[in-house]
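Peer 1: Here it is: the structure, laid out below.
Quick look at the structure:
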């Protein structure tokens, strides 16, 4: 990437490119800039900047190909949202969320709706209906339409290893197998084979993790897999059309990263 950053997002576009936007850089400048990664060439290109400076927000690719950005923070929490148009490389504002929040998750459901869960409004960690109050967690859409939520914390540093499943058809949450390593600020990516890859994050000892594990929806269990080359948290991970997972940026003990690696 052109800038080492964390607290950004990465979204797979319908054309196969990866949109990386926002976050914080080493100067804490809260950039609202965005760039595109081309998996075919391994190169990056600049695209239109967001209207609002934000980090710790979510970005969701919609059925129509647009990317919905919601919430986040630049010192104060946002409830604002905007849409990225891949055809024009431009951003337009859309309706606000009811609650300002950051460090939440957003999942595009099979019915086209976007489920926003958890996070913080700056005063308390939000729950609404999950079994565990949590922020800095992950949420992944499974092949069966359920949403897998993993890890996170109600108090940063006291990370969970618990996981739960949301059923959009019944609007209910149930617990499932716990991850092997408690972590927050990690990523979770649904793979073409239906497994979910959880990688990196910050552990309970406040150090960056390079470990990775796989969730099997059929059994509700986790197994370890190969570790990243660089321990990192606050990064992004995107499942590419070729089945590989692109990890970008984040933080480690030595500062902010502009490096990327493939699983």
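In the UniProt record's numbering, the protein residues as written are 1 to 263.
Using N, Cα and C, we set each Cβ at its ideal position, and we do this for glycine too.
The structure displayed is predicted, hence computed values, not measured ones.
Give the straight-line distance between the Cα atoms of residue 123 and residue 182, rounded to the nearest whole angstrom.
Peer 2: Unreliable placement is indicated for residue 123, whose pLDDT of 48 sits below 50; no coordinate value is reported for it.
Peer 1: In chain order, which beta strand (DSSP E) runs of at least 3 residues are fully inside the segment 123 to 170?
Peer 2: Fully enclosed beta strand (DSSP E) runs of 3 or longer: 138 to 141, 147 to 150, 163 to 167.
Peer 1: Please name the residue in 94, 95, 186 whose C-alpha comes closest to that of residue 204.
Peer 2: Of 94, 95, 186, the residue nearest in Cα terms is 186.
Peer 1: Cα-Cα, which of 201, 144, 174, 194 is closest to residue 184?
Peer 2: For residue 184, the nearest C-alpha among the options comes from 201.
Peer 1: Is residue 107 near residue 115, with beta carbons less than 7 Å apart?
Peer 2: Contact flag set, yes.
Peer 1: Tell whether a beta-carbon distance below 7 Å holds between residue 55 and residue 78.
Peer 2: Contact: no.
Peer 1: With a CB to CB cut of under 8 Å and the five nearest residues on each side skipped, what residues in its chain are close to residue 45?
Peer 2: Excluding sequence neighbours, residue 45 sits near 35, 36, 38.
Peer 1: By Cβ distance, which residues of its chain are closer than 8 Å to residue 86, with the 5 residues on each side in sequence left out?
Peer 2: Answer for residue 86: 13, 14, 15, 17, 19, 65, 66, 67, listed in chain order.
Peer 1: From which residue to which residue does the beta strand (DSSP E) around residue 276 run?
Peer 2: Examination of residue 276 is not possible in this model, given that the chain is present from 1 through 263 alone.
Peer 1: Check the DSSP bridge columns for residue 233 and list the partner residues they point to.
Peer 2: Paired residues: 251.
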